[in-house]
Amino acid sequence: MHNFFCLVYKMAQGPALVCRLLASSVSVAHKAGKIIRDVMQKGDLGIIDKGENDLQTEADRSAQRCIVASFKNLYPNVNIVAEEVDKISQNLDVPADWLITDLDPKILDLECPKSLQGVTEDQVTIWIDPLDGTSEFTKGLIDHVTILIGVCVNDEAVAGVIYQPFWQNRGRALWGLVGSGVGGFELKEPPQTKKVYVTTRSHYDKAIEKFIDGLKPCEIIRVGGAGNKVLYILEGKAHAYVYPSAGCKRWDTAAPEAVLRAAGGELTDVYGNKYSYSKENEKDPLNKYGVFATAPSYNHTEFMKLISDIQSKNEKND
Ligand SMILES: Nc1ncnc2c1ncn2[C@@H]1O[C@H](COP(=O)(O)O)[C@@H](OP(=O)(O)O)[C@H]1O
Ligand SMILES: [Mg+2]
Ligand SMILES: [Mg+2]
Ligand SMILES: [Mg+2]
Numbered sequence: 476m477h478n479f480f481c482l483v484y485k486m487a488q489g490p491a492l493v494c495r496l497l498a499s500s501v502s503v504a505h506k507a508g509k510i511i512r513d514v515m516q517k518g519d520l521g522i523i524d525k526g527e528n529d530l531q532t533e534a535d536r537s538a539q540r541c542i543v544a545s546f547k548n549l550y551p552n553v554n555i556v557a558e559e560v561d562k563i564s565q566n567l568d569v570p571a572d573w574l575i576t577d578l579d580p581k582i583l584d585l586e587c588p589k590s591l592q593g594v595t596e597d598q599v600t601i602w603i604d605p606l607d608g609t610s611e612f613t614k615g616l617i618d619h620v621t622i623l624i625g626v627c628v629n630d631e632a633v634a635g636v637i638y639q640p641f642w643q644n645r646g647r648a649l650w651g652l653v654g655s656g657v658g659g660f661e662l663k664e665p666p667q668t669k670k671v672y673v674t675t676r677s678h679y680d681k682a683i684e685k686f687i688d689g690l691k692p693c694e695i696i697r698v699g700g701a702g703n704k705v706l707y708i709l710e711g712k713a714h715a716y717v718y719p720s721a722g723c724k725r726w727d728t729a730a731p732e733a734v735l736r737a738a739g740g741e742l743t744d745v746y747g748n749k750y751s752y753s754k755e756n757e758k759d760p761l762n763k764y765g766v767f768a769t770a771p772s773y774n775h776t777e778f779m780k781l782i783s784d785i786q787s788k789n790e791k792n793d
């Protein structure tokens, strides 16, 4: 009887906030993906270098405006942190059809894990990377590009969407909800016969090369984007994502971490510690101690021990 009243109460309340946020993320990502494809098709990318090897394009700016305006409209009390901080990207006066109010029905149907059912807007921070893999985007390597929307509760990344705008020319959303599962793609295990590591394409240097060589992989794949590299793990093309350098920010890892963790994998810094995704990190969003992510079947603790041994060896030799 008690369960019956719980069910009636839940139905009266509607889907939990975290599920609504994930459903919005999927719907908004579809629109932002269309905006990115349109910019590419027009061909005028409007490239700006924000620093050193840190590009931004019209697609980054417009996709962010669409995503942030849509979330602010539907969830006014949720904290939102997005990568682009210039005036144009922050202009939320967007065309009416950029304000997405749809909620993906498949996600709304999910059973929200018990621990997330009572979450309120003030506990949530959404970390947004409107276009991950900008360097590759400007070079026409469009398969590397993703849109990342990570839903975080207090410190933790609990749900996320990795959206590939150029997948089969129409785009697809890969999502995860920790404690519930993943969807939008087929989760695959990496090969058992050889170790494959995936790392940066555009921020590679001698120190990273030396570090990865120390891991003695059978194969190193260099591709753009944090979202794309986590997809390599999720689709069984790599055992781990290794980035032993500062450079990625919380918006690069929030969504990938949530999707990977929902699948049973792990993403941490070089010491095996989780990054915090609370809104306080907006002031200093840098993932200072690198990014290390592992496939569900690859023991993260053991991998981090291997990493620690390599670091000690490198320090001794320096
Ligand atoms: N040294 C660095 N300087 C600036 N950004 C860096 C960086 N290293 C990683 N990043 C950011 O982390 C993301 C993944 O990088 P990479 O492809 O090199 O692995 C990219 O996100 P954006 O494309 O959204 O800017 C990139 O800008
Ligand atoms: Mg960028
Ligand atoms: Mg990025
Ligand atoms: Mg970006």
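Read in order, the letters of the sequence shown correspond to residues 476 to 793 in the numbering used here. Beta carbons: idealized from backbone N, C-alpha and C, even for Gly. Quick caveat, the model's predicted, so the values are computed rather than measured.
Per DSSP, D607 is one residue of the beta strand (DSSP E) stretching across V599 to D607. In this chain, W573 is not harboured by any beta strand (DSSP E), its DSSP state being neither H nor E. Taking each of N748, L761 and K754 in turn and checking the Cα distance to S783, the smallest one comes out for N748. Look at D579: its beta carbon is at least 7 angstroms from all of the heavy atoms in ligand 3.
As DSSP reads the structure, F767 sits in a beta bridge with V717 and T743. Taking every protein chain shown into account, the CB of P605 has 16 or more other CB atoms within 10 angstroms, so this residue is buried. Nearest to S720 by C-alpha distance, out of G699, A713, L706 and A682, is A682. Counting of Cβ neighbours within 10 angstroms places R540 among the buried residues, the total reaching 16 or more. Between A733 and A634 the beta-carbon gap is near 5 angstroms, inside 8 angstroms, which marks them as a contact.
Of the residues assessed, C587 falls on the buried side of the cut-off, its CB having 16 or more other CB atoms within 10 angstroms. Closest by C-alpha distance to T532, out of E559, L549 and R645, is E559. For A491, no alpha helix (DSSP H) segment is defined, and its DSSP state is neither H nor E. Excluding the 5 residues flanking it on each side, V501 has same chain C-beta neighbours closer than 7 angstroms at D579, I582, V636, A648 and W650, in chain order.
Just so you know, the alpha carbons of N789 and F686 end up roughly 8 angstroms apart. If one requires a minimum length of 4 residues, the alpha helix (DSSP H) runs lying completely within the stretch 649–737 are 681–689 and 701–709, in chain order.
A straight-line Cα-Cα distance of about 23 angstroms links W573 and G702. In this structure, P605 has its beta carbon less than 7 angstroms from a heavy atom of ligand 4.
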